[in-house]
Amino acid sequence: MNPNDSDASRFKSATTDRRGERDLDLLLVHVARGDTEAFEAVYDRLVGPVYGVIRRVLRDPSQSEEVAQEVLLEVWRTAARFDPAVGGAATWVMTIAHRRAIDRIRSTTAAAGREHKTAEIHTPHDEVAEAVEASLDRERVRRCLDGLTDVQRQAITLAYYGGHSYRQVSDLLKVTLGAIKTRIRDGLIRMRDCLGVS
Amino acid sequence: MRFLRHDLHSLSGAYALDALEPGAEQDRFVRHLSRCQSCASEVRGFREVATAMAFAAAAEPPAELRGRVLAAAARTRQVPPEVITHARPRRSRARVPWVPWLSGVVATASIVVAVLFGFAQAHTKDELNQVKAENQAISLLLSAPQAKLLTHEVTNGGVATVVLAADRHELAVVTTGLPALPSGKVYQLWLIGKPKIVSAGLLPPAKDGRTPAVLATGVVKGDTLGLTVEPAGGSAQPTTTPILALPLPV
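Residue numbers (this note's numbering), protein chains in the order written: chain B, 11 to 208; chain X, 130 to 379.
See the structure below:
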């Protein structure tokens with residue numbers, strides 16, 4: 011296929027729109043029909059968060075890269091299964107990414123990594139502050155995490171960024187299982203409202 | 130262990146963060162989710178929160194990753210749309226040929242026949258699975274409430290019949306009476322958009338003057354359905370004048 015200028019600028023405008031979910035949705039529709047330029051645009055827009063979240067969970071850069079490649083290839087392969095009625099394209103891709111990272115942890119269950127992570131409990135803010143690039147997303151998320159109670163924030167960060175199951179989170183935080191699932195849910199409800207998610 | 134309904138509800142957060150361990154509890158919640166609409170919409174909202182958290186964690190990947198992913202994509206076949214998951218529960222596939230919005234029962238029948246014809250033509254298991262998947266996709270397309278039926282004459286003979294489901298970005302095409310082509314030539318469908326033209330696939334060989342249904346996905350606003358004669362194997366972009374140019378009311 012022959013890329014030309016108008017194509018490039020068309021996809022560029024779709025990618026520069028910060029949370030241009032609908033543009034991204036449309037790009038994925040094009041990807042589903044084998045459009046490689048659209049796939050490149052999707053890659054450029056989403057590889058940062060895909061790689062970033064996987065790396066946050068797995069820590070190991072080379073494993074993270076491997077899993078990120080699997081995830082992006084899965085996006086290419088299964089783009090036809092993306093259903094805009096269920097949620098936005100970014101959410102679809104990030105769900106795949108996080109799940110794959112968790113699968114990797116569970117399949118390797120490296121005990122050493124687990125030990126290491128208990129240290130994070132006291133510094134959940136650093137989890138966010140670590141992000142390589144300053145962005146509006148990061149600011150918004152940080153602000154919203156700040157609005158949570160300590161247990162809510164720790165539980166959500168340990169589960170999402172740390173890749174721990176809620177059972178493990180309950181062990182780490184010495185809080186009962188029942189309380190942990192409630193804290194996670196309450197925390198997410200607050201986050202949802204704070205982020206202005208519908 | 131028995132869970133109270135409330136307990137099950139409260140797992141929505143852990144589930145959305147992939148923090149349920151595989152096993153009975155997760156299975157129970159997934160089952161519950163399929164029946165509980167408010168839980169499903171809660172999970173959707175939480176997933177958006179998780180997405181924001183992923184964006185907040187964005188990191189620069191190694192530069193080589195891009196080339197590797199694009200190269201891998203170039204040699205990876207894409208899957209056809211999955212149709213079972215969002216089948217409308219109140220519309221059974223068996224009713225498809227009788228859906229009332231169809232004005233041209235004959236045209237619909239020709240698509241259904243064409244689909245069945247696809248089965249007859251499949252030789253290997255892979256081919257059969259492919260045909261089955263396409264058949265399901267086409268059945269679903271036929272049952273889409275907003276599907277439109279379009280027919281158009283082809284310049285040098287024959288008729289193209291199109292079922293267009295704009296909300297699903299999909300269409301199915303069958304043709305009748307197209308002139309047979311010399312060997313080394315094929316009919317190729319195109320989605321002709323303002324900035325670019327994308328192949329929508331080759332027409333399979335006709336049997337009794339009729340080509341099996343071809344399903345095209347990714348139809349967007351402003352697309353025109355085109356048909357050209359191309360060298361065997363198809364072209365990346367059309368090389369001859371279209372013998373059909375049907376604007377699609379998307």
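Backbone N, C-alpha and C define an ideal beta-carbon position, used for all residues, glycine too.
Judged by DSSP secondary structure, Y53 of chain B falls within the alpha helix (DSSP H) whose first and last residues are T46 to L68.
Contacts between L182 of chain B and chain X, judged by CB atoms closer than 7 Å, are missing: the closest CB pair is about 12 Å apart.
Using a Cβ-Cβ cut-off of 9 Å, A51 of chain B does not count as an interface residue toward chain X, since no Cβ of chain X sits closer than that to its own.
For the stretch 192-211 of chain X, the residues whose beta carbon sits under 9 Å from a beta carbon of chain B are, in order, E193, L194, R195, R197, V198, L199, A201, A202, A203, T205, R206, Q207, V208, P209, P210 and E211. Taking C-beta atoms under 8 Å as the contact rule, L278 of chain X and L318 of chain X fail to qualify, at a distance of about 17 Å.
Within 8 Å of the CB of V327 of chain X, the CB atoms of chain B belong to H40, R43, G44 and D45, in sequence order along the chain.
Residue pairing from DSSP places L373 of chain X in a beta bridge opposite X:L356. Scanning chain B for C-beta atoms nearer than 8 Å to the C-beta of T346 of chain X yields V39, A42, R43 and A90, reported in chain order. Looking at the backbone, the Cα of M182 of chain X and that of L300 of chain X are separated by about 37 Å. Residue pairing by DSSP places W319 of chain X opposite X:S328 and X:G355 in a beta bridge. For T346 of chain X, the pairing in a beta bridge is given by DSSP as X:E299. The alpha-carbon separation between T205 of chain X and A48 of chain B amounts to approximately 16 Å.
The beta carbon of Y144 of chain X sits closer than 7 Å to those of F158 and V172, all from its chain and outside the five residues before and after it, given in chain order. The contact set of D147 of chain X on chain B, defined by CB atoms closer than 7 Å, consists of H108, R109 and I112 in chain order. Cα atoms of A185 of chain X and D156 of chain X: separation of roughly 30 Å, rounded to the nearest angstrom. Under the Cβ criterion of 9 Å, T180 of chain X is counted among the residues facing chain B. Nearest in C-alpha terms to V77 of chain B, of all of B:T167, B:Y170 and B:I115, is B:I115. For Q164 of chain B, the closest Cβ of chain X is not nearer than 9 Å. Burial check for E75 of chain B: the Cβ neighbour count within 10 Å reaches 16 or more, so the residue is buried. H281 of chain X is bridged by DSSP to X:A289. For L199 of chain X, the closest C-alpha among the options B:Y61, B:T46 and B:A99 is that of B:T46. With fewer than 16 other beta carbons inside 10 angstroms of its own, V96 of chain B counts as exposed. Using a Cβ-Cβ cut-off of 9 Å, G62 of chain B is close to A183, F184, A185, A186, A187, A188, E189 and P190 of chain X, given in chain order. For R65 of chain B, the nearest CB of chain X lies under 9 Å from its own CB, placing it at the interface with that chain. The Cβ neighbour count for P371 of chain X, taken over all protein chains shown within 10 Å, is at least 16; the residue is labelled buried.
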